[in-house]
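Numbering (numbering that gives the first Met the number 0), first residue to last: 0 to 240.
Where is the CB? At the ideal position from N, CA and C, for every residue including glycine.
As the structure is a prediction and not an experimental result, all values here were calculated from the model.
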Amino acid sequence: MGCRQSSEEKEAARRSRRIDRHLRSESQRQRREIKLLLLGTSNSGKSTIVKQMKIIHSGGFNLEACKEYKPLILYNAIDSLTRIIRALTTLKIEFHNADRAYDAVQLFALTGPAESKGEITTELQGVMKRLWADAGVLECFRRSNEYHLEDNTAYYLNDLDRISALEFIPTVEDILRSRDMTTGIVENKFTFKELTFKMVDVGGQRSERKKWIHCFEGVTAIIFCVELSGYDLKLYEDNQT
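Encoded structure:
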C-alpha cells in the first residue's frame with residue numbers, strides 16, 4: 000500500500016513539475032511577445048503600417064505576392080475615376096469636351112468586365128485616359144474634399160499606361176498605395192531584437208468597430224492612427240461627415 004502511494008505521489012510530482020515548466024515557458028514566451036493593436040477610422044493608414052512592417056521585418060513581398068495585388072490596384076484606379084465621374088453631377092461640373100460624356104457612358108459599361116477579369120483592356124484604357132485628361136474631370140478631382148476619393152487616385156491614373164499593361168507587376172510603392180477595406184481581424188507577426196511582435200489590424204468602418212472590444216486582451220500597446228491629410232475629407236461610410 001505504501002509503495003503504491005509512493006508511486007502515485009511520484010507521478011503527481013512529475014506532473015506538477017511538467018506543469019510548472021510549461022507555465023514558466025509560457026510566461027517567458029508571453030514576455031517576448033508584444034501585441035500591438037491598431038485602431039483608427041477607415042483610411043487612417045492601419046493596413047499601410049502592417050504592409051510597411053512586412054517589408055521592413057518580414058522579407059517584404061515576393062513575386063507571387065506582388066502579382067496578387069494587381070487586381071486590387073486596377074480596381075482602385077477604375078473605382079477612383081468612376082467616383083469622380085459620379086461627382087460631376089453632384090458638384091454641377093460639366094465636361095470641358097462634350098465628347099467625354101460618351102466616354103463616361105463607356106466607362107461604366109466596360110468597368111464590370113474589366114474588374115471581373117482583373118485587367119484593363121486597350122479600349123477601357125483609352126476611355127480612362129481621355130476622361131482623366133479632361134479639364135472638367137480634373138476640376139472635379141481638385142474638389143475631392145467634397146466627396147470621398149482615395150488619396151492614391153492621381154498616382155494610379157497618371158500611370159495608366161504602365162498599370163494597364165498585360166505584363167504589369169506591382170512594385171512595392173504600388174502595393175503600399177493600394178487600398179482595400181479591412182473587414183474582421185487581421186494579424187501579422189514579425190520578429191525584432193529577439194522579440195515577437197503581433198500586430199493586430201481591425202476594420203475602421205463604423206460597422207466593424209464593435210469587434211474592437213474582442214482584441215484588447217493581452218494588448219501591450221495601442222497604436223491609434225489618424226490621417227493628417229483627412230481633416231476636411233468625407234468619410235467612406237456616408238460621404239457627409
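query	result
What span of residues does the alpha helix (DSSP H) with residue 66 cover, start to end?	62-67
Using the C-alpha atoms, what's the distance from residue 123 back to residue 168?	19 Å
Could you pull the DSSP bridge partners for residue 200 from this structure?	37, 185
Identify whether residue 86 lies in helix, strand or coil by the three-state DSSP scheme.	helix
Please name the residue in 10, 34, 39, 15 whose C-alpha comes closest to that of residue 180.	39
Applying the criterion that 16 or more other CB atoms from any shown protein chain within 10 Å of the CB defines a buried residue, is residue 57 buried or exposed?	exposed
Decide if residue 196 is buried, meaning its Cβ has at least 16 other Cβ atoms within 10 Å, or exposed.	buried
For the putative contact between residue 129 and residue 99, defined by C-beta atoms under 8 Å, what is the C-beta separation to the nearest angstrom?	6 Å
What is the C-beta distance between residue 110 and residue 77, in whole angstroms, given that I count them as a contact (C-beta under 8 Å)?	5 Å
Would you mind sorting residue 5 into buried or exposed? The rule is 16 or more other CB atoms within 10 Å of its CB.	exposed
Got a sec: does the ligand GDP put a non-hydrogen atom nearer than 7 Å to the Cβ of residue 60?	Looking for the ligand GDP in the displayed structure turns up nothing, as the structure carries no ligands at all.
How is the alpha helix (DSSP H) around residue 55 delimited, first residue to last?	45-56
Assuming residue 79 and residue 149 make a contact with CB atoms under 8 Å, what is their CB distance in whole Å?	6 Å
Buried or exposed for residue 0, going by 16 or more other Cβ atoms inside 10 Å?	Here the model assigns residue 0 a pLDDT of 48, short of 50, so the residue's position is not dependable, and the following value carries that caveat. Exposed, because fewer than 16 other Cβ atoms sit within 10 Å of the Cβ of residue 0.
On the CB-based measure, 16 or more other CB atoms within 10 Å of its CB, does residue 174 come out buried or exposed?	buried
Applying the 10 Å Cβ sphere with the 16-neighbour rule, what's the burial state of residue 36?	buried
Spell out the partners DSSP gives residue 194 in its beta bridges.	191
State yes or no: is the C-beta of residue 185 within less than 8 Å of the C-beta of residue 200?	yes
Quick check on the DSSP output: the alpha helix (DSSP H) that includes residue 140 runs from which residue to which?	134-141
Excluding five sequence neighbours on each side, which residues of the same chain lie with their C-beta closer than 7 Å to the C-beta of residue 105?	126
Where does residue 32 fall in DSSP's three states?	strand
Please state the DSSP three-state secondary structure of residue 241.	The displayed coordinates of the chain run from 0 to 240. Any statement about residue 241 would go beyond what the structure contains.
Any idea if residue 152 is buried or exposed, counting beta-carbon neighbours within 10 angstroms, 16 or more meaning buried?	buried
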